[in-house]
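Peer 1:
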């Protein structure tokens, strides 16, 4: 195979792979439903945030913002039950001093 043919084939293959990736990026990962072209999320903050660092936030508005911005190990559903976050589950040691969390593979 000539060098120019190899280059053309490589370019075609690369273009096909990239266009497939771009198409897949525009769909919901679970349902395959097409996503809106504009994927911008606007969060309205009524007061100045003291920090975006969840370790030092002390005010209610900052805490709510940090909760929405960062995913924790576990979360709560509308009934207050623990549901998975980054962790898929956890175990507590017999002495109740050690918690071992199992993380999602993609976390």
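In the numbering used here, the protein residues as written are 196 to 302.
Don't be surprised by glycine CBs; every beta carbon is placed ideally from N, CA and C.
Keep in mind that this is a model prediction, so the values were computed, not measured.
1. Once DSSP output is grouped into helix, strand and coil, what is the label at residue 257?
2. I'd like the list of long-range same chain contacts for residue 295, defined as Cβ closer than 7 Å, with 5 residues on each side in sequence excluded.
3. Is residue 265 near the ligand NAD, judged by its Cβ being under 6 Å from some heavy atom?
4. Among all the DSSP beta bridges, which residues are the ones paired with residue 222?
5. Counting only the same chain and skipping the five closest in sequence on each side, list residues whose C-beta sits under 8 Å from that of residue 240.
6. Using three-state DSSP, classify residue 298 as helix, strand or coil.
7. Would residue 280 pass as a contact of residue 301 if the rule is Cβ separation under 7 Å?
8. For the beta strand (DSSP E) that contains residue 271, what are its first and last residues?
9. Using DSSP with H/G/I as helix, E/B as strand and the rest coil, what is residue 247?
Peer 2: In terms of the structure at hand:
1. helix
2. 285 and 286
3. Although the ligand NAD was asked about, the structure shown includes no ligands whatsoever.
4. 229
5. 256 and 260
6. strand
7. no
8. 269-271
9. coil
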